[in-house]
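Visitor: Numbering (full-length UniProt numbering), first residue to last: 1 to 143. Yeah, the Cβ is synthetic: ideal placement off N, Cα and C, and Gly gets one too. Sharing a structure here in structure tokens format.
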């Protein structure tokens with residue numbers, strides 16, 4: 001408390017100095033009948049301001065910790081979802097292969113499952129069909 005009282009007496013921490021009351025003719029702080037009490041009062045004000053700064057810093061640290069915790073939770077959730085998707089895809093591939101083997105054992109031809117990212121249909125037309133001539137009817141009536 002003596003360090004903050006000395007800082008307050010010198011005008012530190014944004015508090016008016018003890019001599020402020022003398023220069024401006026203001027009444028002394030409550031119970032202030034001498035410079036010792038004024039210095040103690042100013043020291044108490046500076047200390048309260050210091051506690052406010054400490055509280056703000058504590059809240060900032062708590063906010064930063066909360067953000068880190070939430071980011072960790074989101075990352076864990078994304079990892080879990082990616083793992084579940086991969087497991088589900090592996091299960092589907094396994095089930096398809098089992099079904100395909102059964103179909104082949106029954107004499108049915110079933111093409112192998114397309115690789116991820118490959119076209120779903122193995123047959124791709126070489127080119128689009130030619131456009132219809134203008135005079136050709138499509139068999140529908142208009143009007």
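Using the C-alpha atoms, what's the distance from residue 63 back to residue 92?
Guide: Computed Cα separation, rounded: 43 Å.
Visitor: Reducing DSSP to helix, strand and coil, say where residue 86 ends up.
Guide: In this structure, residue 86 counts as helix in the three-state DSSP scheme.
Visitor: Measure the C-alpha to C-alpha separation of residue 37 and residue 67 and round it to an integer number of angstroms.
Guide: For residue 37 and residue 67, the distance between alpha carbons rounds to 45 Å.
Visitor: Exposed or buried, residue 42, counting other C-beta atoms within 10 Å across all chains shown (16 or more means buried)?
Guide: Residue 42 comes out buried.
Visitor: Any idea if residue 46 is buried or exposed, counting beta-carbon neighbours within 10 angstroms, 16 or more meaning buried?
Guide: Classification of residue 46: buried, given that the 10 Å Cβ count is 16 or more.
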